[in-house]
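**Student:**
Residue numbers (UniProt numbering): 1 to 200.
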């Protein structure tokens with residue numbers, strides 16, 4: 001699962017590289033995920049003794065880029081980061097995402113497509129995939145869009161003040177594949193989703 005183009009977002013990419021993998025403590029972890037993802041939190045290490053990590057959920061796990069001017073878009077995530085001691089932030093996408101399906105096929109639901117296409121965080125992924133992956137078959141495009149959306153939202157996440165500092169929480173990018181119950185971890189060193197574990 002390798003990103004096959006050179007990103008022009010030098011600043012977020014450099015922030016990605018300085019994050020290191022670590023064991024997660026569910027009580028000190030914030031999960032940013034999709035509202036329709038049925039994630040096996042315990043098998044993912046995000047729930048222990050019946051207590052799950054804190055969660056922020058949205059369609060396609062969209063994260064609005066940080067802006068001092070648009071506080072209402074940033075407030076839920078910023079509050080989640082600020083109101084508890086957070087050591088790790090995990091952004092986790094999933095391959096069979098209904099919101100991303102809408103972006104792949106605007107004929108499927110024109111109303112939802114129109115709304116999603118107006119959201120800058122969704123538009124960034126849609127434009128990137130159209131620009132770089134137009135020739136792929138539908139199944140490959142679905143997988144690539146899921147990967148790229150995780151990385152695009154990760155870049156947005158890294159613009160938040162608590163995460164843009166070098167001493168902030170560690171950040172992890174994961175992709176859950178419902179088709180075979182596998183979890184892919186993004187390798188910041190290899191610039192690809194390289195670490196796969198089975199959650200069956």
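Beta carbons: idealized from backbone N, C-alpha and C, even for Gly. These figures come from a predicted structure and were not determined experimentally.
Just verifying my parser: in three-state terms, what is the DSSP assignment at residue 147?
**Tutor:** helix
**Student:** For residue 10, is the classification buried or exposed, using 16 other Cβ atoms within 10 angstroms of its Cβ as the cut-off for buried?
**Tutor:** Low confidence applies here, because residue 10 scores a pLDDT of 42, under 50, leaving its location unreliable and the question unanswered by this model.
**Student:** How many Å lie between residue 279 and residue 24 at the Cα?
**Tutor:** In this structure the chain extends from 1 to 200, so residue 279 is not present and cannot be described.
**Student:** Exposed or buried, which one is residue 76 when buried takes at least 16 other CB atoms within 10 Å?
**Tutor:** exposed
**Student:** At which residues does the alpha helix (DSSP H) containing residue 185 begin and terminate?
**Tutor:** It is not in any alpha helix (DSSP H) - residue 185 instead sits in the beta strand (DSSP E) that spans 182-187.
**Student:** Count the other CB atoms, across all protein chains shown, that sit within 10 Å of the CB of residue 118; report buried if there are 16 or more and exposed otherwise.
**Tutor:** Burial call: exposed.
**Student:** Would you be able to state if there are at least three C-beta pairs under 8 Å between the stretch 161-170 and the stretch 178-186?
**Tutor:** no
**Student:** Does the Cβ of residue 196 have 16 or more other Cβ atoms within 10 Å, making it buried, or fewer, making it exposed?
**Tutor:** exposed
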